[in-house]
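Chemist: Protein chains in written order, with this note's numbering: chain A, 7 to 428; chain B, 2 to 339.
Below, the structure written as C-alpha cells:
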C-alpha cells in the first residue's frame, strides 16, 4: 500500500512538472537595433491574449545565432522558434507549419514570395516568415562630405567613383579610413554581382570564381592596401567570423559605409544629431547597380516539444496588423505581401535621415539583379560566402597572394560540396 | 566528573546518526567483501571513480576517435559515413610541412606552427617571469601580502574578461593609444599587425596565468631550509652561486610541476585569444584549439570528422608531453634516492 502511495506521489510530481512546461515556447532572438524591445513588448501582449502559453524570449548575440544555433540544431536540440539569417542552409531543421497553422492559404498568399528561401528544395512546407526583408546598401556621412567640400556621388555612381570621393574626404578630414564594408560574404557579394559575378553553376552547384568576382576582389584588396577601405574590420578575426563596421561609421570615422537596410534603426538611435547621414543605395559596377537581398526569418524548429503552441505563436506574430506594427516600430521593410500592397506604413521615427533612408531602400530594391534575388534561396550561398571571407581576410592580412586566394576559395567550396555528399 | 559525563553523552548523541549510517553501509560492504575477498575491496572502492572517468573521459575519447573515421557534415554518428583514415590523410596531405600553404589543410598546419612557437616562447617567458616574481615576493618587502595578491588577481578572472580587458586596451581607439596620444605619439593598430598581435597573445596569457605559477614557486622557495642560506652567507658565497647551487636544485620539483602545467595550458590556449584577436589578423594567432573549434562547430565549412582527427592528434601531443614529464620526474626521483 505504502509503495503504491509512493509511486502515485512520484507520478503526480512528474505530471505536475511536465504540465508546467507543456505551454512553454522558447524563442531565440537577436537584435541589430531596437527590435528586441519591440518583440519583448509584443510577446507580453501575446501572453495576455493567450494565458495558456508561456513564451520565453532569449535575446542573444548574432554570433550565437550564426555559430551556436546550427550546432544545437544538428544535435536535435535548440529553441522552439528562432530568428535566423541562414534560413536556407538550415532548412532541414525547420518545422512544417502547414498542418498546424489556422489558415495555410493566408501564409501562402502573404509570405509565399520568400517561402522557398526557408524550406528544403522541392518542398511545399511553411517554415516561418520574414521578420524583415533587407537589402544591402551604402551610407555616407554627409557632414564629412560637406566639410570636405566634396559633392556626394550621384545615384548611378560606380564603386570607383565612391572610392575616389571618399578618399578625398578622408584626406581632407584626416579620417583613419575612407570606406568600410562589413566582414561578411553576403555584403561582399553585392559588389561582386555588380561586377558580373555569378556563383551558380549550370548543375546548380557552386561554379568556380569568374572574371566578375575576381575583378572586384582585386580592386577591393587594392583599395584596402592603399588605405581607402578599413583594414581593421577584415583582419580582426580568422576564418569566416562576422564583423560589422557600424561602430566606426557611428563614431564619425568613415566617409562611406557599406552594410544594409537593417542598420537604419541602429544608426538613427546611435548617431542622433551628431552628424547628417544619407543612404546611398548600392554603387554600380560594369554589370549592375545591385544590392543583395536577404533578411531575417522567424522560423519554427522541428524539435519543438509543443508544435501546436508553436504554431499558435507563429500565427499570432504573422498577423497583418502585428507585422505592420513590428515594421513601423523597428523601421524594417516588411516581408508581408498584404502590408506591402496596402502601403501606408507609418514608420515611427521623427528622424528625417531614417525616413529618407527607408525611401531610398524601397527605391533601390527595384534595381536588384535577378542573380541577387535567387541567391537567398540557393543552398550553397553560405558556403561560398564563408570561403570568400576566409580567404580574402587572409589576403588582406598579407598571408596569401590574390591568385592563391582565388584557387583556395574554389578548392574550399569544392571540398565542402564533396563533404556534403550531394 | 558530571561535566565530563555530560560531554560524553552529548558526543554520543551527536555521533549516533553517524554510527547508524556506518552500520547501514556496513551491511552491504560485508556482503561484498565476503564475495570478493579483502583484495577485491580495492577494486570495489575504485569502481565509482573509474566509472566516472570512463564515462566522462574514456568514452568521449573513443567516440571522438570514431568520429575522426567518419565524413559528412551531420553531427549524429548514425547519419555519418565511414571514411577510414581519410580525415587524417587530408590533414597530412602536404608538399612541405614547413610551408602551410603547400598543405591541403593549410589552416591546420598554420595553427600547428603558431601553437609550436607560442608554446616555446610563452612557456619560457612564463617560467622566467614567474621565477623572478616569486624570488622578489620571497624577500622581506613592504606590503608583501598585498603584492602577492596583486600578482595572483588575474588568475581569478574569467578568460573572456581577460580578453576583453586587453582588447579595450589594445584596440585602435583603446587605452594604450589614448595614452600614447597624450605624449604626442601617433596611435597604432596593435591588433591588426601580425607581429604585434602574436606578441600580445603571449603577453596577455603570461599576465593572466603567471600568478598561479608564481604561487607554486613561492611555496617551493619557502620550503627551502633557511640554514642553507645562512651557511652559504657565512662561507661568503656569491648570490648568483647561491641561486645556482642551492635555490635552483631545491626548487626543481616545483619547477617541473610548473613546466608541465604551463606546457599543457599553452598547448590548449583558446579563450582569451579568441576574444582578443579572433585568431587574426589573417591566421597569425590561430592556435590549434581554435582551429578544432572552428572546423568542428563555428564555420559554414564545418567538418566534425576533420575536427575530431585534429583533436586526436593534439591529444597525442599532450600524451607525449606528459610522458616526457613523467620520465624526467622519475629520473629526478632516482637521482634523489642515490
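Each residue gets a CB set at the ideal place from its N, CA and C atoms; glycine is no exception.
Here's the rule: buried if 16 or more other CB atoms are within 10 angstroms of the residue's CB, otherwise exposed. What is residue 231 of chain B?
Modeler: By the neighbour-count rule (16 or more Cβ atoms within 10 Å), residue 231 of chain B is not buried but exposed.
Chemist: Could you name the residues of the stretch 269 to 298 of chain B whose beta carbon sits closer than 8 Å to any beta carbon of chain A, in the order they occur along the chain?
Modeler: Hits within the stretch, in order: 278, 279, 280, 281, 282, 283, 284, 285, 286, 287, 291, 295, 298.
Chemist: Starting from the Cα of residue 411 of chain B, find the closest Cα among B/45, B/134, B/312 and give me that residue.
Modeler: With chain B covering only 2 through 339, there is no way to say anything about residue 411 of chain B.
Chemist: Could you run through the stretch 176 to 202 of chain B and flag, in chain order, every residue whose CB is less than 7 Å away from some CB of chain A?
Modeler: Result list: 190, 192, 193, 195.
Chemist: I'd like to confirm the pairing. Which residues does DSSP put opposite residue 429 of chain A in its beta bridges?
Modeler: Summary: the structure shown does not reach residue 429 of chain A, with chain A confined to residues 7 through 428, and so no result is reported for it.
Chemist: Since residue 304 of chain B meets chain A, which of its residues come closer than 7 Å, beta carbon to beta carbon?
Modeler: Under the 7 Å cutoff, chain A gives 425.
Chemist: Entirely within the stretch 59 to 122 of chain A and at least 3 residues each: give me those beta strand (DSSP E) ranges in chain order.
Modeler: 60 to 66, 87 to 90, all fully within the stretch 59 to 122 of chain A.
Chemist: Taking C-alpha atoms, which residue in B/330, B/173, B/235, B/253 lies nearest to residue 278 of chain B?
Modeler: Closest option to residue 278 of chain B, Cα to Cα, is B/173.
Chemist: Any C-beta of chain B sitting closer than 9 Å to the C-beta of residue 193 of chain A?
Modeler: Chain B contact via Cβ: absent.
Chemist: With burial defined as no fewer than 16 other Cβ atoms inside 10 Å of the residue's Cβ, what is the status of residue 310 of chain B: buried or exposed?
Modeler: Buried: at least 16 other Cβ atoms inside 10 Å.
Chemist: On the DSSP bridge list, what partners appear for residue 186 of chain A?
Modeler: Paired residue(s): A/263.
Chemist: Answer yes if the stretch 161 to 168 of chain B comes into contact with the stretch 83 to 97 of chain B, meaning at least three C-beta pairs across the two stretches below 8 Å, and no otherwise.
Modeler: Contact fails: fewer than three Cβ-Cβ distances are below 8 Å.
Chemist: Residue 70 of chain B touches chain A at which residues, Cβ-Cβ below 7 Å?
Modeler: Going along chain A, no residue has its Cβ under 7 Å from residue 70 of chain B, so there is no contact; the nearest lies around 15 Å.
Chemist: Run the CB neighbour count on residue 72 of chain A, radius 10 Å, all protein chains shown included, and call it buried at 16 or more, exposed below.
Modeler: Per the 10 Å Cβ criterion, buried.
Chemist: Taking the Cβ atom as the reference point for each residue, do residue 102 of chain A and residue 131 of chain A lie within a distance shorter than 9 Å?
Modeler: Cβ atoms of residue 102 of chain A and residue 131 of chain A: closer than 9 Å.
Chemist: Is residue 142 of chain A helix, strand or coil by DSSP?
Modeler: If DSSP states are grouped into helix, strand and coil, residue 142 of chain A belongs with the strands.
Chemist: With 8 Å as the limit, tell me which residues of the stretch 71 to 84 of chain B have their beta carbon closer than that to any beta carbon of chain A; keep them in chain order.
Modeler: Residues passing the 8 Å Cβ filter: 72, 73, 74, 75, 76, 77, 82.
Chemist: When the cut-off is 9 Å and only beta carbons count, does residue 414 of chain A lie next to chain E?
Modeler: In the structure shown, chain E cannot be found, because the protein chains are A and B.
Chemist: Can you give me the C-alpha to C-alpha distance between residue 216 of chain A and residue 298 of chain B, rounded to a whole angstrom?
Modeler: Cα-Cα distance, rounded: 30 Å.
Chemist: Evaluate contact between the stretch 138 to 158 of chain A and the stretch 336 to 343 of chain A, counting only Cβ atoms and requiring at least three cross-stretch pairs below 8 Å.
Modeler: The answer is yes - the stretch 336 to 343 of chain A touches the stretch 138 to 158 of chain A, with three or more Cβ pairs under 8 Å.
Chemist: Suppose you measure from the CA of residue 47 of chain B to the CA of residue 319 of chain B; what does that come to, to the nearest Å?
Modeler: Approximately 25 Å, taken between the alpha carbons.
Chemist: With a threshold of 16 other CB atoms inside 10 Å of the CB of residue 335 of chain A, please say whether the residue is buried or exposed.
Modeler: With 16 or more Cβ atoms within 10 Å of its Cβ, residue 335 of chain A is classed as buried.
Chemist: Assign residue 64 of chain B to one of two classes, buried (16 or more other C-beta atoms within 10 Å of its C-beta) or exposed (fewer than that).
Modeler: Exposed, since its Cβ has fewer than 16 Cβ neighbours within 10 Å.
Chemist: Does the stretch 157 to 177 of chain A come into contact with the stretch 290 to 300 of chain A, if we say contact requires no fewer than three beta-carbon pairs (one atom in each stretch) closer than 8 Å?
Modeler: Yes, the stretch 157 to 177 of chain A is in contact with the stretch 290 to 300 of chain A.
Chemist: Can you tell me which of the three DSSP states residue 30 of chain A falls into?
Modeler: It is a strand residue.
Chemist: Nearest to residue 122 of chain A by alpha carbon, out of A/403, A/383, A/425?
Modeler: For residue 122 of chain A, the nearest C-alpha among the options comes from A/383.
Chemist: Compare the C-beta of residue 315 of chain B with all C-beta atoms of chain A and state if any pair is closer than 9 Å.
Modeler: Closer than 9 Å: no.
Chemist: With a threshold of 16 other CB atoms inside 10 Å of the CB of residue 415 of chain A, please say whether the residue is buried or exposed.
Modeler: Classification of residue 415 of chain A: buried, given that the 10 Å Cβ count is 16 or more.
Chemist: Is any beta-carbon of chain A found at less than 9 Å from that of residue 10 of chain B?
Modeler: So, not an interface residue.
Chemist: How many Å lie between residue 250 of chain A and residue 257 of chain A at the Cα?
Modeler: Residue 250 of chain A and residue 257 of chain A: Cα-Cα distance of roughly 13 Å.
Chemist: If the cut-off is 7 Å on Cβ atoms, which residues from the stretch 73 to 89 of chain A count as contacting chain B, listed in chain order?
Modeler: Against chain B - using a Cβ distance shorter than 7 Å - the residues of the stretch 73 to 89 of chain A are 73, 77, 80, 81.
Chemist: Quick one, which residues of the stretch 398 to 411 of chain A are near chain B if we go by CB-CB under 9 Å, in chain order?
Modeler: Listed by position along the chain: 399, 400, 401, 402, 403, 404, 405, 406, 410.
Chemist: Rounding to the nearest angstrom, what Cα-Cα distance links residue 283 of chain B and residue 91 of chain B in this structure?
Modeler: Taking the straight line joining both Cα atoms gives about 22 Å.
Chemist: Compute the beta-carbon to beta-carbon distance between residue 174 of chain A and residue 154 of chain A, rounded to the nearest angstrom, for a pair I have assumed lies under 8 Å.
Modeler: Residue 174 of chain A to residue 154 of chain A, Cβ: 6 Å. Contact.
Chemist: Quick one: does residue 2 of chain B have its CB under 9 Å from some CB of chain A?
Modeler: Per-residue confidence for residue 2 of chain B stands at a pLDDT of 49, beneath the threshold of 50, marking its modelled position as unreliable; no derived number is given.
Chemist: With DSSP run on the structure shown, which of helix, strand or coil describes residue 125 of chain B?
Modeler: Helix, per DSSP.
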